[in-house]
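This report refers to the structure that appears directly beneath it.
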Amino acid sequence: MSSTQSADVKRLQKAAVEVRKNIVRMVRAGKQGHGGGALSAADILTTLYFEVMRVRPEEPKWPGRDRFVLSAGHKCLALYATLAERGFFDKSVLDTYGAMKSRLPGHPSMHKLPGVETNTGALGHGLAIAGGMALSAKIDKTDIKTYVVMGDGELAEGSNWEAAAACSMFQLDNMLVFVDRNGLQIGGRTVDIMSYEPLAERWAAFGWSVREIDGHDIPQILDAAASMPFEPGKPSVVIANTVKSRGLSFAEGKVEYHYWKATAEELEQAERELAEAERSISV
Ligand SMILES: Cc1ncc(C[n+]2csc(CCOP(=O)(O)OP(=O)(O)O)c2C)c(N)n1
Ligand SMILES: [Mg+2]
7 MSSTQSADVK
17 RLQKAAVEVR
27 KNIVRMVRAG
37 KQGHGGGALS
47 AADILTTLYF
57 EVMRVRPEEP
67 KWPGRDRFVL
77 SAGHKCLALY
87 ATLAERGFFD
97 KSVLDTYGAM
107 KSRLPGHPSM
117 HKLPGVETNT
127 GALGHGLAIA
137 GGMALSAKID
147 KTDIKTYVVM
157 GDGELAEGSN
167 WEAAAACSMF
177 QLDNMLVFVD
187 RNGLQIGGRT
197 VDIMSYEPLA
207 ERWAAFGWSV
217 REIDGHDIPQ
227 ILDAAASMPF
237 EPGKPSVVIA
247 NTVKSRGLSF
257 AEGKVEYHYW
267 KATAEELEQA
277 ERELAEAERS
287 ISV
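With the working numbering applied, the sequence shown corresponds to residues 7 to 289, in that order.
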């Protein structure tokens with residue numbers, strides 16, 4: 007890796023720590039929130055918004071923008087945190103999380119916040135919406151790309167597989183899906199509740215081109231995004247292996263933190279650990 011590349015990676019790693027700090031800031035404000043899945047997806051969203059996607063924070067509806075769909079809408083703390091860090095809205099808005107009439111509801115609303123492309127939260131709908139966006143980009147003959155983040159538990163919704171078949175049939179090689187495979191869903195391990203393993207083979211059987219990466223490794227995320235489409239004529243999916251609640255030692259990999267009701271001690275520890283993580287990245 008060249009020194010410019012490694013500086014770029016460090017810049018993104020720093021941004022990812024800021025995104026995690028923003029997530030904790032919102033949980034502090036609202037006293038609770040879907041922390042686990044937001045923290046596992048934080049590196050993917052940061053890399054997309056800070057390096058990969060063409061967006062204009064000052065002009066969120068710019069027609070030429072790449073599209074992002076957070077299909078697993080309960081991970082919205084990651085989306086709010088990333089949009090704020092990227093300058094779509096003022097960071098002070100983060101402190102309204104959990105308040106009445108906040109622009110940051112428990113699931114994202116395109117009518118409330120600039121940068122949110124579509125409403126999500128009922129799992130299993132984002133892939134179909136994103137497929138529609140990708141198809142319209144093809145019909146319009148634009149080079150707009152569509153990016154999606156899904157949860158691994160979310161894949162139990164059958165509607166995803168109808169959408170997966172359609173995206174393949176329409177040869178939507180202008181879309182890239184990340185499955186945040188943290189191995190957990192709301193109440194336990196995905197393999198115990200509704201297993202879709204072997205995941206890579208199942209996506210491939212639906213006509214997708216599949217890659218597997220470490221979803222916390224920014225060079226691997228960058229490399230996957232740069233390689234899109236993995237095969238011409240096929241939609242691309244990345245199985246991103248992650249750790250739920252990544253970054254907070256007391257919560258990592260624990261299903262109890264799917265929905266984090268934060269104690270004062272936990273918040274302090276979280277802030278300490280993230281400050282330490284920031285210090286450990288020398289730019
Ligand atoms: C249609 C629908 N059913 C159930 C839920 C409740 N629910 C919210 S999060 C969740 C688990 C999702 O797990 P996963 O996709 O693995 O996300 P993670 O939190 O691990 O990132 C469930 C079942 C929902 N939001 N939508
Ligand atoms: Mg999961």
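Don't be surprised by glycine CBs; every beta carbon is placed ideally from N, CA and C.
Quick one, are the C-beta atoms of residue i and residue j less than 9 Å apart?
i    : j    : result
G253 : A48  : yes
I227 : T53  : yes
G157 : D186 : yes
G193 : N166 : no
F256 : E282 : no
T126 : I135 : yes
A87  : A44  : yes
L51  : A78  : no
E57  : L18  : yes
Y263 : G42  : yes
Given 8 Å as the limit, tell me if residue i has its C-beta closer than that to any heavy atom belonging to ligand 4.
i   : result
K81 : The model depicted lacks ligand 4 and carries ligand 1 and ligand 2 instead.
From what residue to what residue does the alpha helix (DSSP H) around residue i run?
i    : result
L273 : A270 to S286
G41  : G41 to T53
A84  : C82 to R92
V197 : T196 to I199
W209 : L205 to A211
I224 : I224 to A232
W167 : S165 to M175
Roughly how many whole angstroms lie between the Cα atoms of residue i and residue j?
i    : j    : result
P238 : D179 : 6 Å
E274 : Y103 : 18 Å
G39  : G221 : 22 Å
E24  : E91  : 7 Å
S108 : A211 : 42 Å
D14  : H117 : 33 Å
H113 : R285 : 32 Å
M200 : G132 : 19 Å
A143 : A268 : 42 Å
A140 : A270 : 44 Å
I224 : N247 : 12 Å
I150 : G137 : 12 Å
I219 : W209 : 15 Å
I145 : R195 : 40 Å
Q11  : A172 : 37 Å
P69  : V261 : 40 Å
S174 : L76  : 20 Å
E277 : K20  : 15 Å
I29  : S251 : 11 Å
L182 : E64  : 25 Å
E168 : V122 : 24 Å
Are any of the Cβ atoms in chain C nearer than 9 Å to that of residue i?
i    : result
A206 : Of the protein chains in this structure there is only one, and it is not chain C.
Which same chain residues end up closer than 7 Å to residue i when comparing Cβ atoms and leaving out the 5 residues on each side of it in sequence?
i    : result
P120 : P66, F94 and F95
M59  : D72, F74 and Y153
Y55  : V61, T88 and R92
A22  : A48, D49 and T52
Going along the chain, which residues of its own chain have a beta-carbon closer than 8 Å to the beta-carbon of residue i, five neighbours each way excluded?
i    : result
V249 : S46, N188, H222, E258 and G259
R217 : A230, S233, F236, S242, V243, V244 and I245
Taking the continuous beta strand (DSSP E) assigned at residue i, which residues delimit it?
i    : result
I219 : S215 to D220
L141 : No beta strand (DSSP E) contains L141, which is instead part of the alpha helix (DSSP H) from G132 to I145.
A246 : S242 to N247
D186 : M181 to R187
L110 : It is not in any beta strand (DSSP E) - L110 carries neither H nor E in the DSSP assignment.
L76  : R73 to L76
M156 : T152 to G157
If you drop the 5 nearest sequence neighbours on each side, which residues of the same chain put their C-beta closer than 6 Å to that of residue i?
i    : result
Y265 : H40
A170 : F212
S115 : N125
S215 : F236, E237, K240 and S242
L161 : Y202
R34  : L273
K97  : A90
Between residue i and residue j, which are expected to be in contact by the criterion C-beta below 8 Å, what is the C-beta distance as a whole number of angstroms?
i    : j    : result
L280 : K27  : 5 Å
V155 : F184 : 5 Å
L110 : R31  : So it is not a contact: roughly 11 Å between Cβ atoms.
G164 : Q191 : Between Q191 and G164 the Cβ distance is about 15 Å, and since that is not below 8 Å, they are no contact.
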